[in-house]
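Since the structure comes first, as structure tokens, the remarks are kept for the end.
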Amino acid sequence: MGEFIFFCIPVYFTDAVINIEKTGGQEVHNVRHRRKEKYLYYGLAILVTLFIIVGLVSALKGTDIRKGTGTPGKEKKSEESKGGRSEEKTAIDNPNIRVLIMDNGYSNIVHPAVTVSSDKGMTLTCGEEKEDWDKPDSLTIAPDDARFQKGTIRIQAKEGKVTLSSIKRGYGTPSYSGVIELRTTAEGIVIINELPVETYLCGVVPSEMPASYELEALKVQAVCARSYAYRQMADYGYPEYEAHVNDSTDYQVYGNSKEQESTSKAVAETAGQVVRYQGEVVTTYYYSTSCGKTTSMEAWGTAPNDSNGYLQSVKVSDGKADYEKGLPWYRWEASVPIQTLSDLVGLNTGTDVGTLSSVEVTKKGPGDVALQIKATGSSGSVTVETENKIRRALGGKGYQITKQDGTVIDSSALLPSAFFTIEKTSDAFVIKGGGYGHGIGMSQNGANEMAKQGKDYKEILTLFFHDVTIE
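Numbering (my numbering), first residue to last: 541 to 1011.
Right under this line is the structure:
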């Protein structure tokens, strides 16, 4: 644009001089002189204006308008909402995620008191005031602590991490990077850990997948955990505390296992990489073990649509054999006494069906997952839909489950999976199933078995998630 304007200006001056010279005489000469001055002033004014415009445009082009924290992809979404997808995808940077830290056993979001410490000291920010805590002793903060009168309390280690000794996790007393924020409530204290998402992932990956797994499998877990985190960061899971997620299985487990070199390496080597479908970051669901097949969102009662098309039923196989065929949870079986299952179904569904005479899988979905069952007894019947509710209806204490390797475990709140058949014998219901978990998305053990066979993390991800890109 600038080159075009500079070219036009000399032409404009030339035309003006030619038109003046056609009239002749002294008067014409004076007019021509005055007009030259006039045009000179106009030209200079145009040039100054032009330089100003060019300068402003250059400045705008060099300005990075992305925020360091906030909703990823927000700018790109606003462009797409105008009718077309932006050619340039918003870069995935390293924004902060806010994680609500639950109590022991992940049973409550409120703590009666909080005890913190750090070897090199801590800085406490209370409203507008800062306080240094350089004592070797721990600091215990109760809900009625006077500091709360100045606002929320934000605690940061001067070096390293903040140890939170008032709770326990799988590896013992946990320590956290970033900021520990405390908010007082009528019930107690809410703890929020605010930290960069890449640092957060270093606490998620070893808590969700054994650090001894193959590096490529750990990379799969890192990309899935990152994609999941970014999707959750689009909104606050706890808007009253401005927290995106908690640290339990409600979202993805964080900080329950100690950070490991292998898992941190997997996070670093995939830094910023997420799973995209049709240009958008997607929620990458994962679970423990498949039965040789995965299922779709229909298992949760959601019909296929344009946004969840990446979650389809696939065979977790190399074409010759299932990758997980040798794993304990690949196949399992339970023989549940009739009265035991009758009691459990009545308790779990809230419907008194009496003594069960039959339990039927009345509807199946992709991958042969049970979508609906009907339990009929002496006092009535009940119909249960979606995999989680079905697993809960048939779960509970009172019987044992035998894995295909012969190991026996006690039953728990949920049936291992909803990939099963059920038959009644003279004194029991025999449930034969496969896999462990909901079956949607990525099988963690499947990913590890694929990695053992030389598959890299991108190959593994594109098996479990249909028509996606890893960017």
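Glycine included, every Cβ here is placed at the ideal spot set by N, Cα and C.
To which residues does DSSP link residue i through a beta bridge?
{"i": "Y827", "result": "S983"}
{"i": "E668", "result": "Answer is none; E668 lacks a bridge partner."}
{"i": "L722", "result": "I693, I731"}
{"i": "P877", "result": "A968"}
{"i": "P736", "result": "N636"}
{"i": "W840", "result": "W840 pairs with nothing; no bridge assigned."}
{"i": "Y976", "result": "T829"}
{"i": "K937", "result": "Paired residue(s): none; K937 is not in a bridge."}
{"i": "F960", "result": "G973"}
Ordered along the chain, which non-local residues of its own chain (more than five positions away) have a Cβ less than 6 Å from that of residue i?
{"i": "A751", "result": "Q800, S802, T803"}
{"i": "S875", "result": "A968, V970"}
{"i": "S918", "result": "G894, T895"}
{"i": "E925", "result": "Q912"}
{"i": "I930", "result": "A910, I913, V924, A958"}
{"i": "I949", "result": "I941"}
{"i": "G623", "result": "Residue placement at G623 cannot be trusted, given a pLDDT of 32 that sits under 50; the coordinates are not used to answer."}
{"i": "G975", "result": "T829, S830, C831, S957, F959"}
With distances taken Cα to Cα, identify the nearest neighbour of residue i among the options.
{"i": "G728", "options": "Q984, T823, V650", "result": "V650"}
{"i": "E671", "options": "Q696, E754, V763", "result": "Q696"}
{"i": "D858", "options": "E999, G691, K675", "result": "E999"}
{"i": "L1001", "options": "D684, C764, S897", "result": "C764"}
{"i": "L954", "options": "T965, I962, T942, E927", "result": "E927"}
{"i": "G700", "options": "E780, M662, S882", "result": "M662"}
{"i": "G936", "options": "V901, G977, L884, I930", "result": "L884"}
{"i": "E864", "options": "S830, V854, T895, I980", "result": "S830"}
{"i": "A769", "options": "A757, E756, A783", "result": "A783"}
{"i": "M837", "options": "Q689, G905, Y997", "result": "G905"}
{"i": "D674", "options": "E780, V702, E738, Q689", "result": "V702"}
{"i": "A726", "options": "Y740, D684, E756", "result": "D684"}
{"i": "T961", "options": "K860, E873, E734, Y791", "result": "E873"}
{"i": "N786", "options": "L934, E754, I732", "result": "I732"}
{"i": "G667", "options": "M642, A682, K690, G645", "result": "K690"}
{"i": "T902", "options": "Q993, S847, A958", "result": "A958"}
{"i": "V760", "options": "L1003, M642, Y997", "result": "Y997"}
{"i": "G994", "options": "G795, L755, T835", "result": "L755"}
{"i": "T680", "options": "L722, G974, L640, G718", "result": "L722"}
{"i": "Y781", "options": "N985, L640, I949", "result": "L640"}
{"i": "G981", "options": "G920, L1003, F688", "result": "L1003"}
{"i": "Q772", "options": "R932, R638, K972", "result": "R638"}
Could you tell me the distance, in whole angstroms, from the CA atom of residue i to the CA atom of residue j?
{"i": "V815", "j": "T1009", "result": "6 Å"}
{"i": "D1007", "j": "S788", "result": "30 Å"}
{"i": "A806", "j": "E900", "result": "44 Å"}
{"i": "T724", "j": "Y778", "result": "15 Å"}
{"i": "D862", "j": "V856", "result": "6 Å"}
{"i": "K698", "j": "Y870", "result": "48 Å"}
{"i": "S598", "j": "Y716", "result": "Only weak support exists for where S598 lies, its pLDDT of 42 falling under 50; the value from the coordinates is given anyway. Roughly 43 Å separates the two Cα atoms."}
{"i": "W840", "j": "L867", "result": "26 Å"}
{"i": "Q940", "j": "T880", "result": "11 Å"}
{"i": "V922", "j": "Y826", "result": "30 Å"}
{"i": "T810", "j": "H978", "result": "26 Å"}
{"i": "A762", "j": "K964", "result": "43 Å"}
{"i": "N636", "j": "A757", "result": "25 Å"}
{"i": "G819", "j": "V793", "result": "27 Å"}
{"i": "N648", "j": "V730", "result": "10 Å"}
{"i": "K860", "j": "P956", "result": "26 Å"}
{"i": "Y753", "j": "Y740", "result": "20 Å"}
{"i": "T842", "j": "Q852", "result": "12 Å"}
{"i": "K798", "j": "S828", "result": "20 Å"}
{"i": "E1011", "j": "G743", "result": "22 Å"}
{"i": "Y776", "j": "I720", "result": "17 Å"}
{"i": "N985", "j": "G795", "result": "21 Å"}
{"i": "E734", "j": "I693", "result": "12 Å"}
{"i": "Y646", "j": "P844", "result": "33 Å"}
{"i": "R932", "j": "A682", "result": "38 Å"}
{"i": "F688", "j": "K833", "result": "52 Å"}
Give me, in chain order, the residues of the same chain whose beta-carbon lies closer than 8 Å to that of residue i; leave out the 5 immediate sequence neighbours on both sides.
{"i": "S767", "result": "V814, V815, V821, V822, T823, T824"}
{"i": "S705", "result": "T655, V656, S657, S678, T713"}
{"i": "S882", "result": "V893, G894, T895, L896, G917"}
{"i": "N848", "result": "S836, M837, T842"}
{"i": "G920", "result": "T891, D892, V893, G894"}
Between which residues of its own chain and residue i is the CB-CB distance below 7 Å, once the five residues before and five after are set aside?
{"i": "D659", "result": "G700"}
{"i": "P652", "result": "G728"}
{"i": "Y850", "result": "Y817, V822, F1005, H1006, D1007, V1008"}
{"i": "S898", "result": "T916, K964"}
{"i": "N634", "result": "P736, V737, E738"}
{"i": "M642", "result": "N648, I649, N786, D787, S788"}
{"i": "S952", "result": "G935"}
{"i": "T665", "result": "R694"}
Exercise for the section: Indicate whether the contact test is met: 3 or more Cβ pairs, each with one atom in the stretch 903–919 and one in the stretch 935–949, closer than 8 Å. Expected result: no
Handout entry: Touch test, the stretch 982–998 against the stretch 879–898, Cβ-Cβ under 8 Å, three pairs minimum
Key = no
Handout entry: contact_flag[the stretch 709–722, the stretch 733–747] where n(CB pairs < 8 Å) is 3 or more
Key = yes
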